[in-house]
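Read the structure below first, then the notes.
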Amino acid sequence: MSRLLDSTCFIRAARGGLGRPDAAGAQAMAVFGGALYVGTGALAAGVTPPPARLLRFAGETWRTVLESPTSGMAEEPAVDLRLAPDLLEALHAREGGATSCPDDAGYVSLAVFQAPGESAPALYVGTASPAGGRVLRSADGESFEPASEPGFDLPAYAVTALCVHDGRLFAVTRGALDGPLVDLDASALPVVHMCLDPQAGSWDEASLPGFGDEDNIAVTALASFDGWLYAGTANPERGFQLWRTRAQGEAPFDWEPVIEDGAYAFTANHAVAALAVFGGALYLGTATRALGYEEEPALGTDAAELIRLDADGSWDLIAGQPRFTPLGIRAPLAMMGAGFDDRYNAAFESLCAHDGALYLGTRHWGAFAALAQEAGPVVGGYQLWASADGLDWELVLEDGAGNPAEVALASLASTPEGLFAGSANVEPLLSLAAALRERDDSIAPRAGFEILRGR
């Protein structure tokens, strides 16, 4: 039986954005060359973001190996279309206008890949930028060169997922740019990109746009499992879809649908948020559209679900809403409802197998819902869950480990030194929401991402 980490096993390996409280997220993690690499990101709020950083953790020491320059490539910061206008106005009144803009606002995906003919693996970084997200490549983890054109020659804000499958590197983008405005729910072109030559920066489209369905507005997650490449989508009309391909023959490859219509929860399961292989199965965490800081919050109306997919393409509901489907009754095998019985768990955002167990990080918007009340405690923040078998789940951490502004666990990584968990922090938005509701005396959130280590 695997030993599950509990709350006493975790310490803070980093806090306060590692010296930059406006660094909102530890967005991506990967182990390369025996060290942990972490990519940071910022809120897309139209104010000057901190430069993206790639951090290296080795010997109990953090070091910045890559920091975005400010060369003028990005003319102005991006603005998330989902931000409520009153919050955006208050943020700009407090922070002032943007004076400059780093080329990259985030390093949001990481992968280690050894291309055919190369003698050693290289580290690949997916960036977020108002000028278009790129893929960067490093052979030594110290010096980086572009491995793609910005946005793959499209107005695509970020390269949000990188995946190695059958000796090839695949990528997807998210964030459709229209000037400084970015629709982070959508993609400029919802396709899977395949790298042909990383050193030449040559890529091809491995799928049709939206897999032939115009309602698939983004490809949101990738995973390699049992000889198949899997891709999950965001679909606001009918709910997420999950597709797979053997990636054989000429691109674009033949893909087949595995799950449709949000696993028959329809738009309650808006998108695939995370995919991870564990115990001979593929686990899928879903996301709703609830954020807490949008113009018309829909907090608590839907919550995330967890699904297990077997190699033959059949699937079971692990946690979620029981329902009738064309495949028969689907009831949660974990005996837990959507959001692990917490309606404010709007996304099962990260999944990671570590030391014989599966860990799951949530996105939780309870603090924003609490602010809408006239009185009462303001609590909320991410949760971390663990399971030794994928069926029985235990709560490890809750309430953002004591900080309601830590709304999500954006990244998880298994290393020989323990399980690392990186947060997403929205302190500016939460503090301003409290002030607008005259409840700023109810909270004292801390700014900047945190990184926890459990062992």
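For the sequence shown, our numbering assigns the number 1 to the initial residue and increments by one for each residue that follows.
In this text, a Cβ means the ideal position worked out from N, Cα and C, and glycines have one as well.
Cβ neighbours of residue i in the same chain (closer than 6 angstroms, five flanking residues each side left out)
| i | result |
| --- | --- |
| PHE10 | LEU452, GLY454 |
| ARG446 | ASN403 |
| ARG439 | LEU371 |
| PRO198 | ALA115, ARG137, ALA147 |
| ALA413 | MET29, PHE420 |
| PRO155 | LEU177, ALA188 |
| HIS183 | The question names His, but residue 183 in the sequence shown is Asp. Same-chain partners within the cutoff: LEU81, ALA176. |
| ASP204 | MET194, LEU196, ALA251 |
| THR288 | HIS270, ASP302, ALA346 |
| VAL277 | PHE225 |
| ALA331 | PRO322 |
N-terminal and C-terminal residue of the beta strand (DSSP E) that residue i is part of
| i | result |
| --- | --- |
| ALA171 | 168-178 |
| GLY454 | 451-454 |
| SER431 | From DSSP, SER431 is part of no beta strand (DSSP E) but of the alpha helix (DSSP H) over 427-436. |
| SER278 | Here the sequence assigns Phe to residue 278, which means Ser is not the residue at that position. 271-278 is the extent of the beta strand (DSSP E) around PHE278. |
| GLY126 | 122-128 |
| LEU55 | 53-58 |
| GLY25 | 25-32 |
| LEU412 | 406-415 |
| ALA281 | 281-287 |
| ALA161 | 156-165 |
| LEU463 | For the chain, the structure presents residues 1 to 455; residue 463 sits outside this window and is missing. |
| ARG137 | 135-138 |
Buried versus exposed call for residue i [16 or more other C-beta atoms within 10 Å across all chains shown]
| i | result |
| --- | --- |
| ILE329 | exposed |
| THR61 | exposed |
| ALA274 | buried |
| PRO377 | exposed |
| PRO130 | buried |
| SER411 | buried |
| ALA44 | buried |
| GLY59 | exposed |
| ALA367 | buried |
| GLU305 | buried |
| GLY117 | exposed |
Sequence-distant residues of the same chain with beta carbon closer than 7 angstroms to residue i, five excluded per side
| i | result |
| --- | --- |
| HIS165 | SER224, LEU229, ALA247 |
| ASP86 | LEU436 |
| SER100 | THR48, THR70 |
| GLY201 | PRO146, ALA147, SER148, GLU149 |
Residues near residue i by beta carbon distance below 8 angstroms, same chain, minus five either side
| i | result |
| --- | --- |
| ALA435 | ALA90 |
| GLY17 | ALA23, ALA24, THR40, PRO50, ASN425, ALA447, GLY448, PHE449 |
Opening and closing residue of the alpha helix (DSSP H) in which residue i lies
| i | result |
| --- | --- |
| GLY366 | 366-371 |
| GLY39 | First-last for GLY39: 35-41, but that is the beta strand (DSSP E), not the alpha helix (DSSP H). |
| LEU18 | 16-19 |
Expected contact under 8 angstroms - CB spacing of residue i and residue j to nearest Å
| i | j | result |
| --- | --- | --- |
| GLY459 | THR267 | Given that the chain is displayed from residue 1 to residue 455, the structure contains no residue 459 and the question cannot be resolved. |
| CYS163 | ALA111 | 7 angstroms |
| ALA281 | GLY390 | 7 angstroms |
| TRP255 | SER314 | Actually they are not in contact, since the Cβ atoms of TRP255 and SER314 sit about 18 angstroms apart, beyond 8 angstroms. |
| LEU46 | PRO77 | One detail in the question is off: residue 46 reads as Gly in this sequence, not Leu. Correct: roughly 5 angstroms between the Cβ atoms. |
| ASP22 | PRO50 | 5 angstroms |
| TYR157 | ALA128 | 6 angstroms |
| LEU409 | SER423 | 6 angstroms |
| ASN425 | ALA42 | About 10 angstroms; that fails the 8 angstroms criterion. |
| LEU66 | ARG82 | 28 angstroms between Cβ atoms; not a contact. |
| VAL172 | LEU123 | The pair is not a contact, with the Cβ atoms about 19 angstroms apart (cut-off 8 angstroms). |
| VAL407 | ARG343 | At roughly 15 angstroms, the Cβ-Cβ gap does not stay under 8 angstroms, so VAL407 and ARG343 are not in contact. |
The ligand SAH heavy atom lying under 7 angstroms from the CB of residue i
| i | result |
| --- | --- |
| VAL182 | This structure lacks the ligand SAH; in fact it carries no ligand of any kind. |
Contact with chain D by residue i, beta-carbon distance below 8 angstroms
| i | result |
| --- | --- |
| TYR293 | No chain D is present in this structure, which holds just one protein chain. |
Original post:
Which runs of the beta strand (DSSP E), 3 residues or longer, sit entirely within the stretch 68-116?
Top reply: 106-113
Subject >> Runs of beta strand (DSSP E) wholly within the stretch 179-265 (minimum 3 residues, chain order) >> reply: 181-183, 193-197, 202-205, 218-225, 228-234, 242-245, 256-259
Original post:
Residue ranges of each alpha helix (DSSP H) run of no fewer than 4 residues wholly in the stretch 318-402, ordered along the chain?
Top reply: 338-341, 366-371, 399-402
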